[in-house]
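Working notes, beginning with the structure itself.
Protein chains: 2
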Amino acid sequence: MTLQVTSARAAAMRKPKAPEANRARILAAAIAEFASRGYKGASMDAIAARTHTTRALINYYFGSKERLYLAVLERVYAEIRDAERGLELDHLPPAAAIRRIVDFTYDYYVGHEDFVRLVVAENQARGRHMKRFPSLRTLNRPIVDLLGRVIARGQADGDFRRDVDPIDVHMAIAALGMFNVTNQYTFGTLFQREMGGKGNVARRRQMVSDLVLTWLAESAGQPR
Amino acid sequence: MTLQVTSARAAAMRKPKAPEANRARILAAAIAEFASRGYKGASMDAIAARTHTTRALINYYFGSKERLYLAVLERVYAEIRDAERGLELDHLPPAAAIRRIVDFTYDYYVGHEDFVRLVVAENQARGRHMKRFPSLRTLNRPIVDLLGRVIARGQADGDFRRDVDPIDVHMAIAALGMFNVTNQYTFGTLFQREMGGKGNVARRRQMVSDLVLTWLAESAGQPR
DNA sequence: CCCGGAATTGACGGGCCTGTTAAATTCCCC
DNA sequence: GGGGAATTTAACAGGCCCGTCAATTCCGGG
Numbered sequence: 013m014t015l016q017v018t019s020a021r022a023a024a025m026r027k028p029k030a031p032e033a034n035r036a037r038i039l040a041a042a043i044a045e046f047a048s049r050g051y052k053g054a055s056m057d058a059i060a061a062r063t064h065t066t067r068a069l070i071n072y073y074f075g076s077k078e079r080l081y082l083a084v085l086e087r088v089y090a091e092i093r094d095a096e097r098g099l100e101l102d103h104l105p106p107a108a109a110i111r112r113i114v115d116f117t118y119d120y121y122v123g124h125e126d127f128v129r130l131v132v133a134e135n136q137a138r139g140r141h142m143k144r145f146p147s148l149r150t151l152n153r154p155i156v157d158l159l160g161r162v163i164a165r166g167q168a169d170g171d172f173r174r175d176v177d178p179i180d181v182h183m184a185i186a187a188l189g190m191f192n193v194t195n196q197y198t199f200g201t202l203f204q205r206e207m208g209g210k211g212n213v214a215r216r217r218q219m220v221s222d223l224v225l226t227w228l229a230e231s232a233g234q235p236r
Numbered sequence: 013m014t015l016q017v018t019s020a021r022a023a024a025m026r027k028p029k030a031p032e033a034n035r036a037r038i039l040a041a042a043i044a045e046f047a048s049r050g051y052k053g054a055s056m057d058a059i060a061a062r063t064h065t066t067r068a069l070i071n072y073y074f075g076s077k078e079r080l081y082l083a084v085l086e087r088v089y090a091e092i093r094d095a096e097r098g099l100e101l102d103h104l105p106p107a108a109a110i111r112r113i114v115d116f117t118y119d120y121y122v123g124h125e126d127f128v129r130l131v132v133a134e135n136q137a138r139g140r141h142m143k144r145f146p147s148l149r150t151l152n153r154p155i156v157d158l159l160g161r162v163i164a165r166g167q168a169d170g171d172f173r174r175d176v177d178p179i180d181v182h183m184a185i186a187a188l189g190m191f192n193v194t195n196q197y198t199f200g201t202l203f204q205r206e207m208g209g210k211g212n213v214a215r216r217r218q219m220v221s222d223l224v225l226t227w228l229a230e231s232a233g234q235p236r
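Sequence order for the protein chains is A and V. Per this note's numbering, the first sequence starts with residue 13, numbered consecutively. Per this note's numbering, the second sequence starts with residue 13, numbered consecutively.
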């Protein structure tokens, strides 16, 4: 099987001008363009210009603007999912594991502003595209399972409160982490706060950990 | 002076067809349209259709699409600022006052989805319009002063920790409150969670209070 | 009664954008 | 080396949208 795949891929690779290379470059450019200007604001011509191709070629590969956008969504979600899978928490005490999850999530948002902006754009569109695309609906997020296991361990140790829904915790972490990226402009302008500064990032990230952990520890070990 | 203003305004009111009535209806329609479709997605013709006027008339009143959008932003920010001014907290114990602030903020976002969507849209545009409009830059938000006073009282009572920045607290509250509205579509789809349900709103709102209050109480009363 | 100015309309011009289609180019395989 | 498929290009058509401008309606005051 490996041989078959190899030969097939080799055949596909040596032949034409630059199909998959072009495809990959177009997708990367599309991620940047859609993240920067939103679905409607993004221009197919701009994506073509970024990749030294033409609008017709992009349609030849992806079919339409919406299809291209869906490919973008699929890609960035796959990336965060893969990154989440890389987290190794089982050897950490529950509190430290929580802190690690928060740091990872917070830093991922700060470092992947494109992803955050795409998520926000899709929500502003009321999830219209996502809804109609099955492979995006069934996309699971390992972070919730990880969180669930950590929380269960903390509860078993008597360190965490008992009535905790992992999804609620993830939502709190995601909300606090995304806000810095999503609302940095209005919030920074209104409250004279620079939100991109690295020092502030570390401080706020720790505040998120503290918020979650103090809440998790609240009235822990009470009689069940 | 009052007489002058009165007579001038009376003269302005009785005269023509429906200038300020039209103006108000256009602004309301613009809020809905911009909130629903974003700046670029919004159509001047759609706003005109909603108000039984024409695109030319809207430009006659507001000058351009961008000017109209700025008037929209100014309006919705003025509204939340006025609502925040109505909060009366001085007679409440600090913890109860915090809970009240959280409830107010959370409910305001849930009940004013247009406002939230406009804020998000402006952030997606990197605050481009807001930056260039002085009256939006100098807009202050009473909620931070209220929060600061409440926190100071809680610290004086020894109930709240000492190193607290009111803006940080407001950011946490705003982040958790906005997330339900802003990310309801992707989050709901990915995690099979209905986020509009009223019961869930009350539960999540209380979680926000608990998060903030347990954090505020953490290591309070320690030696200064 | 008529006039002057505010309010309102219809139409034009220019720009940008997307999807398609037919033609041209390139490269692989026989 | 030639057939043929895969890739790429150039140009077209249709749609939407915005700002403007001259023309028209309407109202109130002299």
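All C-beta atoms, glycine included, are put in the ideal place defined by N, C-alpha and C.
Close beta carbons around residue i, own chain, < 8 Å, minus the five adjacent residues each side
i      : result
A:R93  : L151, N152, R153, P154
A:K143 : R149
A:L82  : H141, F145, L148
V:L223 : A184, L188
V:G53  : none
V:R6   : A query on residue 6 of chain V cannot be resolved here, the shown segment of chain V reaching from 13 to 236 and no further.
A:Q16  : For A:Q16, the predicted structure reports a pLDDT of 33, less than 50, and the residue's modelled location is therefore unreliable. A value from the coordinates is still provided. So the list is empty, once near-sequence residues are dropped.
A:R111 : S221, L225
V:L130 : I43, F46, A47, V84, L85, V88
Anticipated Cβ contact below 8 Å, residue i with residue j, distance rounded
i      : j      : result
V:Y197 : A:N135 : 5 Å
A:A232 : A:F172 : 5 Å
V:A36  : V:E45  : That belief does not hold up - the Cβ atoms of V:A36 and V:E45 are roughly 15 Å apart, past 8 Å.
V:D126 : V:A47  : 4 Å
A:V84  : A:I43  : 5 Å
Any chain A beta carbon closer than 8 Å to residue i
i      : result
V:T117 : no
V:R205 : yes
V:M56  : no
V:I155 : no
V:K52  : yes
V:G211 : no
V:E91  : no
V:A107 : no
V:R149 : yes
V:I179 : yes
V:A36  : no
V:A186 : yes
V:L104 : no
V:T226 : yes
V:A232 : no
Residues near residue i in its chain [Cβ-Cβ closer than 7 Å; skip 5 each side]
i      : result
V:R138 : none
A:M56  : R67, I70, K77
V:V220 : V114, Y118, I185, L188, G189
A:R97  : P154
A:Y120 : I92, A95
A:E230 : R173
A:P178 : V156, L159, G160, I163
A:G170 : A232, G233
A:M207 : N192, Q196, F199, G200
Own chain partners of residue i with C-beta closer than 6 Å, once the 5 adjacent residues on each side are dropped
i      : result
V:R62  : A41
A:T117 : I185, G189
V:V176 : I163
V:L80  : A42, F74
A:G50  : A133
Contact with chain V by residue i, beta-carbon distance below 8 Å
i      : result
A:F46  : no
A:Q136 : yes
A:K143 : yes
A:R129 : yes
A:F199 : yes
A:Q16  : Because A:Q16 carries a pLDDT of 33, less than 50, the predicted location of this residue cannot be relied on, and no value is offered for it.
A:V194 : Here residue 194 of chain A is Thr; the residue named in the question, Val, does not match the sequence. Answer yes: the Cβ-Cβ gap between A:T194 and chain V drops below 8 Å somewhere.
A:R87  : no
A:I59  : no
A:A83  : no
A:D94  : no
A:A41  : no
A:R222 : Correcting the residue identity first, residue 222 of chain A is Asp in this sequence and not Arg. Taking Cβ atoms only, chain V reaches closer than 8 Å to A:D222, which makes this a yes.
- Item | 4 or more residues per run - each alpha helix (DSSP H) lying fully within the stretch 112-164 of chain A | 125-136, 140-143, 146-149
- Message: Contact between the stretch 96-103 of chain A and the stretch 57-76 of chain A is defined here as three or more beta-carbon pairs at a separation below 8 Å; is this criterion met?
- Response: no
- Item | Unbroken stretches of the alpha helix (DSSP H), 4 residues or longer, contained in the stretch 170-216 of chain A | 178-194, 196-203
- Query: Where in the stretch 28-106 of chain V do unbroken runs of the alpha helix (DSSP H), each at least 4 residues long, occur, reported from the N-terminal end onward?
  - Reply: 31-53, 56-62, 67-74, 77-97
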